[in-house]
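To start, the structure under review is shown below, and the notes come after it.
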Amino acid sequence: MNQNQTQEQNIVLQKQVQNLKKSLPKANFIGSTILKYQGFWCSEQQIKNVIAFQTQFHARDSDIFIASIPKTGSTWLKSLLFSIVNRTTKHTQNPLLVNHPQELVYSLETDVYGNAFAYPRPHHLDELPSPRLLSTHLPYASLPESIKVSNCRVLYIARNPLDTLVSLYYFSIGVMNKYFSKDLIKRFISMFYPIPSMDDFFEACCEEKIPFWPFFDHVIGYWKASLEEPNKVLFVKYEDMKEDATYELKKIAQFVGMPFTTQEENEGVIEEIIEMCSIKSMKQLEVNKNGVINELFEKKSYFRKGEVGDWTHHFTPPMIEKMKKLMDEKLQGTGLSFKLSP
Ligand code: PAP
Numbered sequence: 000m001n002q003n004q005t006q007e008q009n010i011v012l013q014k015q016v017q018n019l020k021k022s023l024p025k026a027n028f029i030g031s032t033i034l035k036y037q038g039f040w041c042s043e044q045q046i047k048n049v050i051a052f053q054t055q056f057h058a059r060d061s062d063i064f065i066a067s068i069p070k071t072g073s074t075w076l077k078s079l080l081f082s083i084v085n086r087t088t089k090h091t092q093n094p095l096l097v098n099h100p101q102e103l104v105y106s107l108e109t110d111v112y113g114n115a116f117a118y119p120r121p122h123h124l125d126e127l128p129s130p131r132l133l134s135t136h137l138p139y140a141s142l143p144e145s146i147k148v149s150n151c152r153v154l155y156i157a158r159n160p161l162d163t164l165v166s167l168y169y170f171s172i173g174v175m176n177k178y179f180s181k182d183l184i185k186r187f188i189s190m191f192y193p194i195p196s197m198d199d200f201f202e203a204c205c206e207e208k209i210p211f212w213p214f215f216d217h218v219i220g221y222w223k224a225s226l227e228e229p230n231k232v233l234f235v236k237y238e239d240m241k242e243d244a245t246y247e248l249k250k251i252a253q254f255v256g257m258p259f260t261t262q263e264e265n266e267g268v269i270e271e272i273i274e275m276c277s278i279k280s281m282k283q284l285e286v287n288k289n290g291v292i293n294e295l296f297e298k299k300s301y302f303r304k305g306e307v308g309d310w311t312h313h314f315t316p317p318m319i320e321k322m323k324k325l326m327d328e329k330l331q332g333t334g335l336s337f338k339l340s341p
């Protein structure tokens, strides 16, 4: 498609989105409007990207996608997957030493079909070599048809909702602080949208009015897909990766068709990857300390504590009880469960 056709396509899309926005349910998430589209909440700014992704993207059989709800460990999985897939490629320097993991595995709705980029993105996805490593926060039901019908693979990472919530809280207030401190107008806006407390945030979460939530619909959608099509969708849990990264890494390598050989195992290749991608190593890298992703998100904000059970420091007993009750209700009969402590 040439540039004129792309522009025309964008104008048509813009009109469609403007009309659609009028009819969608709206809510507020920390000062910005979110819309309920196809059963999930989506930021007003991102809806055009989501629709462009759904209607313009064509999956290749060799594609590997990382899917997740925000703040469940996709940055970690991106670094691990990139390392698995590229472990035999000859590089003068490991790309993870000079790129943030988010720059090595493009987010489809944010980077590829988004408008703001802080780093070079592929002009055409077709230019990326196979296997293309891509990511998305879309629920399974809303993925483009070509992902569902092709032989591509989807790695889903899930995390317990309490730690996910805490992680999202710190990430979101980090963005708000950065955004509001920019100039006077933004300070004025902050009068109307004060930084939420953890309690306010928790309530918003119980109502599930958060981008890409409802949480349990998202998780269960991929969980069911992984049971129905285990060769296509692999369901990985953050807590399991923390507990036994070697086991999970082998499983992932097998799933993407690049299992570790006995020689690699004996040479310590798995341990090397785990060490390189650990939160401690990632935090120490200069490339992950400074700069922003998509002109807004600080690179260092993707690496906070990286623990299981941080929620115990943030919620009151009634809040914990409420969330546990919700978890029991929503997960009942699915066969899915989450570990809440290490
Ligand atoms: P995203 O949805 O914006 O891509 P994502 O990477 O999924 O964010 O989640 C960030 C969480 O993963 C952070 O959790 P925390 O706030 O509870 O600490 C982040 O610290 C954690 N994380 C990032 N890299 C790693 C890693 N190498 N090991 C373990 N956890 C990690």
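If you read the sequence shown in numbering that gives the first Met the number 0, its first letter stands for residue 0, the second for the next number, and so on. For each residue, glycine too, the CB sits at the ideal point set by N, CA and C. These figures come from a predicted structure and were not determined experimentally.
The C-beta distance from Asn-287 to His-99 rounds to 6 Å, short enough to fall under 8 Å. Bounds of any alpha helix (DSSP H) do not take in Cys-41; it lies within the beta strand (DSSP E) bounded by 39 to 42. Going by beta carbons, Pro-138 and Gly-220 fall inside the 7 Å limit. In chain order, Phe-234, Thr-333 and Leu-335 place their CB closer than 7 Å to the CB of Trp-222, counting only its own chain and leaving out the 5 sequence neighbours on each side. If you check the C-beta of Trp-75 against the ligand PAP, you find a heavy atom less than 6 Å away. In the three-state DSSP reduction, Ile-68 falls in the coil class, being neither helix nor strand. Between the stretch 73 to 89 and the stretch 241 to 256 there are three or more C-beta pairs closer than 8 Å, enough to call the two in contact. Counting the other CB atoms within 10 Å of its CB gives Asp-62 a total of 16 or more, which places it among the buried residues. Shortest gap from the CB of Gly-305 to any heavy atom of the ligand PAP: under 6 Å.
Taking the CA atoms as reference points, Phe-214 sits about 17 Å from Trp-310.
Here the alpha carbon of Ser-22 sits roughly 13 Å from the alpha carbon of Gly-38. Asn-150 has its alpha-carbon roughly 16 Å from the corresponding atom of Leu-226. Ile-273 is positioned such that its CB atom lies closer than 7 Å to that of Ala-244. The alpha-carbon separation between Met-281 and Met-275 amounts to approximately 7 Å. Thr-135 has Ala-66 as its beta-bridge partners, per DSSP. With contacts defined as CB atoms closer than 7 Å, Ala-58 and Ser-145 qualify as a contacting pair. Contact between the stretch 301 to 321 and the stretch 157 to 172 is present: three or more C-beta pairs spanning the two stretches fall below 8 Å. Comparing C-alpha distances from Ile-156 to each of Ser-106, His-136 and Lys-147 shows the shortest one belongs to His-136. Only residues of its own chain outside the window of five on either side were considered, and among them Glu-238 have a CB closer than 6 Å to the CB of Lys-338, listed in chain order. Distances from the alpha-carbon of Glu-108 to those of Ile-46, Thr-71 and Leu-154 put Ile-46 closest. Burial of His-217 is indicated by the presence of at least 16 other C-beta atoms within 10 angstroms of its C-beta.
DSSP places Leu-248 within a helical segment (H, G or I) once states are collapsed to three. The alpha carbon of Leu-133 has as its nearest neighbour, out of Tyr-169, Ile-33 and Leu-76, the alpha carbon of Leu-76.
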